[in-house]
Every structure is written in structure tokens, then in C-alpha cells.
Amino acid sequence: MTTEQSTAPAPEALTFKAEVQQVLHILAHSLYTDREIFLRELISNASDSLNRMQFEMLTNREVLDPEAELAIRVEADSEAKTITISDSGTGMTSDELVEHLGTIAQSSARAFVQQTQEGNKAAASEIIGQFGVGFYSVFMVADKVTVLSRSFRLEAEAALWESSGDATFQVGPGEREQRGTTITLQLKEDAAEFANSWRLEQIIKRHSDFVAFPIYSGDRQINQQKALWRRAPREVEAEQYQNLYRQLTLDADAPLLQLHLSTDVPVDMHSILFVPAKRERGLIERRIEGKVKLYSRKVLILEEAKDILPNYFRFVEGVVDSEDLPLNVSREAVQSAPVMQRIRKTLTSRLHRELNDLASQDAERFAAFWKEFGVFIKEGIATDYENRNELLKLLRFNSNRSSDELITLEQYKSRIVDGQTEIYYLLASSLEAGCTSPHLDPFTARGIEVLILHDIMDGFMLSGLRDYEGLKLRNVDEANLELPGSAEEAAPQVDDAAFARIAERAKAILGDKVKEVRASKLLRDSPARLVSDDDAMGREMQRIQQMLGREGEAAPRILELNPASGLIASLARRLESDADDTVTTAAIEQLYDNALLIEGLHQNPATMVPRIMKLLEAAARG
Ligand code: ADP
Ligand code: MG
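Mapping of the sequence shown onto UniProt numbering: position 201 corresponds to residue 201, and the numbering continues sequentially without gaps.
Shown next, in the form of C-alpha cells:
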């Protein structure tokens, strides 16, 4: 697409990018009942542009109409069936019109196109309702749209964009003195109801009440505008929080948690933060992570303030407003301002308090929180030492005692047995695998509880969780565990000499894959397990790398065989009559693979199939 001629006197006809045409087609043919959201989209664009203008003027007064009020105007003409939306924002040059209103830059809209391409027309209306597709949503209600705009840059000229929502649009010079943008919609016959001031006012109140700039209709201001976060929390109604949340996130569900914090000392800060109910909020995600907007003196400084909360709180959405932030500096400098540290500290500890209150007061809602966001709390354990105590209280675990009910570390501690000085945990590929792990044998026999960790993040979490209230954490696969208490001895099924032969044979078969093959002192029912005498932390980090596919084979471990196992005894007997017994070879290899599999360390389980076939054939032969 060439844009060189865009300053030529005659309007130029251009075609929309293919993906825009698709969106337009879908919009024009959607039987969408909630079409009013087109106004929300236009107002949000106007507000974005006013934000950019305001920010520009902090450092640059060489702009068109520096004194113009930053505002949005919405008018309806019921006779002509038109609506106009104007703003005194940055405006656009003709090149910018082509660039911004001829393609789809928004990733959500692109995803929308992909979704609907899969023929899913029915879902289209739902998706539009939830996420909007930005500017193009005007074509749900209009059959002709004009955009008359003039950039704030002094040398720029006014430009006019026009389209009927088919494959093309025109761009040419326009007549306009003031900075900003005016969008005129010629409404479709069946959308004439929108050319009504009262109806527009209703829609604005519903979707755009907290837009930070005044929205006028005639000479009346429609929106409340006063920042909700600057009010005293007791003056704010539950519904207003909901509205703010919906306007910030476009999430139709209510948030799981909200926090309104308004302080003057030690730092001036007004903030409303939300924890969404779900981590993923629908077919198309506006974003995977939350966003906290940063304002100072009502100016939006950062659309997405990265360092305002620790990284593991990146699911939190909301607004932070502080008069103490330096204004006339770059965005980078704002991020590193000393006051940011104070804000961060205050917000972080408040969020922790709120989450801990939720945990102690509303187990059910906290369980919902943990399900969605527990993984972030685990990340916090590994990365935020300062808030460790608060984070520890939030952790929830599966254990061999209560497999579906989650427990806290405090509960674990209250149930330790006589002489127990450590917290035992087991890493597994899944909860099911963990529950069948041979490592549990001696613990179950002694009535000792074991935490079952089966999330990829758990290994990472453990790097920050080496002890809890004086109890060390201990991986149950460590080679030289000394367990408290006692259990009835499991009687050996083979004599020492026969066991030595099978251990030796196993080492020969497995070679470098194992460090050693030895008799287990702890196993009771299970035939074999893998243990390690390497440092647990290094091993757990390596495990994460492996699960992420960044590292191959696990470091060799020690294979323990159980002399009390009937299977081991049978294999030993087979070896006695035939030192090269192929069934024993296959069985040893399979026992090793089984152990890897349960640990979640097997790189390619499909390779086991031929061997399993061989074993099945042998079993079938009897
Ligand atoms: P988004 O707002 O998510 O970027 P839209 O489709 O709503 O997507 O808008 C596309 C782009 O058009 C905006 O990013 C902006 O650059 C430009 N734009 C739209 N409306 C205006 C406006 N009123 N003033 C200035 N630029 C605008
Ligand atoms: Mg937009």
C-alpha cells in the first residue's frame, strides 16, 4: 500500500488489509444484539488519544491548540440519523489514518479473525461483546463512517477518511482548524435508535463512566469522571467497583478480590487493585497478564506499570495514582523514582494481608484463588524473600494423607510424628503418579505425611523453601534417609547371594544410566525405586530444565531393588537357572523406566512399547 499520494488533493481509494475485510464482513452480518459497545470503543480510542496528548504536553508546548480543553463530545441527530464523536486528542495525519484505520494492529482483533475463520459465526457475537474489535465495531451500526482529523503537530494538515465498510476506504485532505478527531456515523436503518441523546447518555453511563476526561453531550457532562480511587472507600458502592473493573479489563465476570487503598502518608497514593476470577478469561485473551495503570495528578503516566508490584503479582489489575511521582521526566525515569519503591512496598504488603485474610476467612474462595493463581505464589516463594512469611501461609499442598484436600505447612507441622524433624516431599509428574510412587512405602508404613509436588513450578519454588519454622524440607528420594519411628520389617524373599547376583546383573544391563544398584532398606511392597545422593537443589533445578525440554537425560541415580519383593525374588530365581535370561533383562530395563516415569523424568515413554510387548508375549506363553 503506497501512502505517498495521500497529500494529493483528490481523495485516494485504498483497500483494507485482508484481515480487516474479514472483520468487517463478520460485523456487518452479525445479528449482534449488544451493538451499543461501538460507542465504548470510540470513546476509549478518544480517551487514549487524549491521554497521549496530555502526556505529550508535559514536555512539549509546541502543539496545535495548546489551550484546548481535553474533552470528548458526543452528539446525535435523529433526523439525519447520524452520531458524531469528537475529541481534542492527538489527531491523525492522512498517513496515520491509513496506518491505523486500514489494518488491524490489535492482537486481540487478529485472534478474533482467526477464531471466526474457523467458521464459528455463532461465537462471533459473543466475542465482540466481550472483547470488542476496536474501531471497526462502528460498522455494526453504521453504513458509512467518516473520520475528520488534524494532528497536533504544527506542520500537519487536516485529513479525511471515509468508508462504507466494504473492501475499500478513501483518504484525502480535509477541512479542519482544531486539533483532534471527529468521527461521524451514518447509521444503518435498523440502528437508527442510537441517534438519540438519551440513549447515548445511557450507554456512556454504562460503559464509560470513569473515563478520565469529560464526555459532553450538548453542554452537559455525562460521565462522573471523578476517579473512584480518589474517594474514601466507604463512599464507594460495590457496583461502582464492578463497573470500574469491567471498564479496565473488559472482563464480564466479577473479580475474585478487590482492594481499595487510599493514603496520604508516608506516600500519597490512591489505588484500587483487583484479582480476576480467572487467569484466562475467555476464548480470546485481551492479555495473559494483568495491568496496573499508573496515574499522577490524573495524568496517565504508564498504561502498564511493570515494577509497581513484584513480578509474581502480575495477574493483578487496577489503578495506582500518586501525586508524589515526578511528572516532567521520561517514562523510564518514573519507573526508577524512589517513590515507586515505597508504593510497591505498601501495595505488596497490603495485597498479602488481603490474601491472608481471604485464606483464613473464606476457604472456598481462597481455594478458587489457589487453583488459578497458586503457581504465582510459588514463584513468589522462590523470588521474594522479604514477604516470605506471608507467602508461606498461602501455600497449599497435596499429601499422601489427604489427596484431594489441600493442606498448609502449618497443618503439616501439626501432624508430624514423634522424632520427626523434617518435612518430606515427593516430586512427581502428576498427582496420580505421586500417589503410586514407591517412595511412599516406608512413609505410609510409619504414618508419616509426605507432600506430593506435581507442578512444574514446584521445583523452582523449592529453591526458596529449604526450611519452614525450624523443619528442613527433605526430598524422599534421597539416598540415605533416616526415618523417625519404626515399621515392621519386610521379610526378604531372596538370600544375600541371589540378591547380589541380580543387583550385579542389573548394573550390567543398565550401565551408565545408573550409578549403582543396591538393596533398599526402606521399600516394602514396591520392587524398585530411584534415589539420589546428589544435592537436592541442583537436581530439582535440572528437573525444571528437563521438563521445559531444555536438557536431555537426567543425571544417573542409584537404583534400589527391594529384596522383600516377590517380583525381584522371581527374577533372581530365573537368573539362577539362566544367567542370560531375556525376560529378566527386559524386566530390569522396564523397572528402571517405570521409576523414571513415576518421577516425571522419562524423556520418551513411547520407546517402552516394544519391550512391554516382549514381556507380554512371555507372560502369555506362561
Ligand atoms: P486500539 O485502540 O486497540 O489500538 P482500535 O481499532 O480501537 O484499536 O484503534 C486503532 C488505532 O487507531 C488506535 O490505536 C489509534 O492509533 C488510532 N485511533 C483511533 N481512534 C483515534 C482517535 N480518536 N484519535 C487518535 N487516534 C485514534
Ligand atoms: Mg481502541
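Beta carbons are placed, not taken as given, at the ideal position from N, Cα and C, and that holds for glycine. Remember, predicted model here, so these are calculated numbers, not experimental data.
Here's the rule I'm using: 16 or more other beta-carbon atoms within 10 Å means buried, otherwise exposed. How should M60 be labelled?
The question names Met, yet the displayed sequence has Asn at residue 60. N60 is exposed by the Cβ-count criterion.
DSSP state of V609 mapped onto helix, strand, coil:
helix
Where G419 sits in the DSSP three-state scheme
coil
Note down the Cα distance separating A528 from E19, rounded to an integer number of angstroms.
58 Å
Cβ shell of A307 (< 7 Å), same chain only, five flanking positions each side left out
Note that residue 307 is Asp in the sequence shown, not Ala. If we look at D307 and ignore the five residues flanking it on each side, its Cβ neighbours are Q335, M340 and R344.
F135: beta carbon under 8 Å from a heavy atom of the ligand ATP?
The ligand ATP is not part of the structure shown, which contains the ligand ADP and the ligand MG as its ligands.
Assess contact between the region 223-241 and the region 196-210, defined as three or more Cβ pairs (one per stretch) separated by less than 8 Å. Is contact present?
yes
The ligand MG and E96: does any heavy atom of the ligand fall closer than 8 Å to the residue's C-beta?
no
Just to confirm, are A142 and Q170 a CB contact at a threshold of 9 Å?
no
Quick check: T475 and Y424, are their CB atoms within less than 9 Å of each other?
It should be pointed out that residue 475 corresponds to Asn in this sequence rather than to Thr. Going by C-beta atoms, N475 is nearer than 9 Å to Y424.
N-terminal and C-terminal residue of the beta strand (DSSP E) that F169 is part of:
T168 to P173
Can you tell me whether I37 sits near the ligand ADP, meaning its C-beta is under 8 Å from at least one heavy atom of the ligand?
no
Compare the beta carbon distance of E317 and S296 with 9 Å and say whether it is the shorter of the two.
no
If we count the other Cβ atoms within 10 Å of its Cβ and call it buried at 16 or more, is L571 buried or exposed?
buried
Tell me the DSSP secondary structure of G447 in three-state form.
coil
Is the beta carbon of I416 within less than 8 Å of some heavy atom of the ligand ADP?
no
Measuring only the C-alpha atoms, how far is D467 from M537?
12 Å
Under the rule that 16 or more other beta-carbon atoms within 10 Å means buried, what is R230, buried or exposed?
exposed
7 Å Cβ shell around P255 - same chain, five flanking residues per side excluded:
Y245, F274, V275, P276 and A277
Please state whether DSSP places I85 in a helix, a strand or coil.
strand
Helix, strand or coil at Y245 according to DSSP, with G and I counted as helix:
helix
Can you check whether the CB of L294 is closer than 9 Å to the CB of I301?
yes
Compare the Cα-Cα distances from G566 to each of L148, F499, E75 and S262 and report the closest residue.
F499
Closest by C-alpha distance to L523, when choosing among D357, D477 and W370:
D477
Say yes only if the C-beta of S44 is nearer than 8 Å to one or more non-hydrogen atoms of the ligand MG, and no if none qualify.
yes
For E540, I'd like the list of residues in its chain whose CB is within less than 6 Å of its CB, leaving aside the five on either flank, ordered along the chain.
G459 and L462
If you follow the alpha helix (DSSP H) that D95 is part of, which residue opens it and which one closes it?
S94 to H100
The region 352-368 in contact with the region 426-439 per 3-pair CB rule at 8 Å
no
Exposure of A491, with buried meaning 16 or more beta-carbon neighbours within 10 Å:
exposed
With which residues is W161 paired in a DSSP beta bridge?
V147 and V171
What residues match up with Q186 in a beta bridge as DSSP calls it?
T82 and K144
Would you list the one or two residues that DSSP bridges to R220?
S217
Among S429, E469, G464 and I416, nearest to V450 - alpha-carbon criterion
I416
Compute the minimum distance between the beta carbon of G91 and the heavy atoms of the ligand ADP, and state whether it is under 8 Å.
yes
Check each candidate in Q493, D253, E67 and V147 and name the one with the smallest Cα separation from S94.
V147
Alpha carbon to alpha carbon, how far is Q546 from Q603? Give it in angstroms, no decimals.
8 Å
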